[in-house]
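Plus 214 on top of the position in the sequence shown (first one is 1) and you've got the numbering used here.
Data block below; observations after.
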Amino acid sequence: MTDTRQARPDASSRATLGKAADENFPVAPFFLPRAWRDDLMAVYGFARLVDDIGDGDLAPGGGDARHLGLDPGTVEEDRLVLLDAFEADLRRVFDGTPRHPLLRGLQPTVRRHRLTPEPFLGLIAANRQDQQVRRYETYDDLLAYCELSANPVGRLVLAITGTDTPERIRRSDEICTALQIVEHLQDVAEDLGNDRIYLPAEDLKRFHVTEADLARPTAGASVRALIAFEAERARDLLHAGTPLVASVHGRLRLLLAGFAAGGLAALDAITDAGFDVLSGAPKSTKPSLMRQVGAVMLRARREG
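What follows is the structure in structure tokens.
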């Protein structure tokens, strides 16, 4: 008989999983069935770790590298080597025994729901792209990046909950892309510090914004206008994805409403900051999130 219990995470893995509390949306809230919570946290652990590898934000001590069979000292600055090793270990989830505790914890989820490697590989590919592509010329280029960096997560949520129809996947992609854009808007200053800009170059030109403008401690009028424009794009995507919430019922409806509401609440925070995302990343409050959950649920009832 296959052992479907989740592996126990070590200290570095617990640190990775602990970052769920800092996300814009609830990852695995208490009201879900325990099995769903375990599976969602297993997927989150994978997604968070691969992002941390790509961002060079791993837990101190080199535990993650050692789990992948690498010497932390030799790969400290080579994220591509880490990503390659992580992909090799991911493939063991499907045909062997992975080394990393988070991937061992993911294996029962993959087996229970017959998940395929593609969405996981997409997330790794997005982080490889982050090492090689620092600027995006057009909005379509950014959407193609989000297809790798964000949309696979929503598709995995639908697969875990057994609700992955083509129409729901399309709506989920709209919400996930919006959430990725919102995160980029919150992190403009941090991303620029890492020599990355996720604001399309065509939009910078349209609003007469230079990279020097983005490096200032506070946003000028042109930067604020640009951020307002991108925020409205994200808001439109979130509203376009709302029929996904209306298409499901019960606790799953509340979970998906929480995802969309998290993005909307973060956009409210950006708006309340006057679209100045350079002086600090605007973060939503719990009351704002709860208000948006109520609004999304109300909209879903009307549409359902």
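Where a beta carbon is used, it is the ideal one built from N, C-alpha and C, also for glycine.
Source: prediction; values computed, not measured.
A straight line joining the alpha-carbon of Asp417 with that of Leu512 spans about 34 Å. If you draw a straight line from the Cα of Gly488 to the Cα of Asp427, it is about 16 Å long. With 16 or more other Cβ atoms from the protein chains shown falling within 10 Å of its own Cβ, Gln400 counts as buried. Annotation: Val423 to Ala483 spans about 22 Å, alpha carbon to alpha carbon. Note on Gln346: under 16 other CB atoms within 10 angstroms of its CB, so exposed under the neighbour-count rule.
Between Arg262 and Thr311, the C-beta spacing is not below 7 Å. The beta carbons of His314 and His281 sit about 4 Å from each other, so the pair counts as a contact at 8 Å.
Non-local C-beta neighbours of Asp409 in its own chain, meaning closer than 8 Å and more than five positions away in sequence, comprise Arg348, ordered along the chain.
The beta carbon of Arg369 sits closer than 7 Å to the beta carbons of Pro333, Asp378, Ile383 and Ser386 from its chain, once the five residues preceding and following it are set aside; these are given in chain order. For Ala242, same chain residues with a beta-carbon under 6 Å away, outside a window of 5 residues either side, are Arg251, Leu254 and Met255 in chain order.
According to the DSSP assignment, Asp224 belongs to no alpha helix (DSSP H), since it is labelled neither H nor E.
The Cβ-Cβ distance between Ala299 and Leu317 does not fall below 7 Å.
Each residue's CA atom was taken as its position, placing Gln394 and Gly477 some 9 Å apart.
Taking C-alpha positions only, Asp303 is separated from Glu351 by approximately 33 Å. Excluding five sequence positions before and after Thr391, the CB atoms of its chain that fall closer than 7 Å to its own CB belong to Leu357, Cys360, Ala364, Asn365 and Leu451, given in chain order. Shown here, Asn365 sits in a helix according to DSSP, grouped into three states.
Pairwise C-beta distances place the region 431-445 in contact with the region 484-504, as three or more of them are shorter than 8 Å. The Cβ atoms of Val507 and Gly455 lie no closer than 7 Å to each other. Between Met504 and Pro286, the alpha-carbon positions lie close to 42 Å from each other. The residue from Asp269, Thr499, Val402 and Gly275 with its alpha-carbon nearest to that of Ile338 is Asp269. Remark: C-beta atoms of Asp278 and Leu272 approach each other more closely than 7 Å.
Less than 7 Å separates the beta-carbon of Ala475 from that of Val510. Arg465 is a Cβ neighbour of Phe245, given a cutoff of 7 Å. Just so you know, the alpha carbons of Asp405 and Tyr412 end up roughly 8 Å apart. Take Pro457, set aside five residues on each side of it, and the residues of its chain with a beta-carbon closer than 7 Å to its own are Arg385 and Glu517, in chain order.
Take the alpha-carbon of Glu301 and the one of His398: they are about 25 Å apart.
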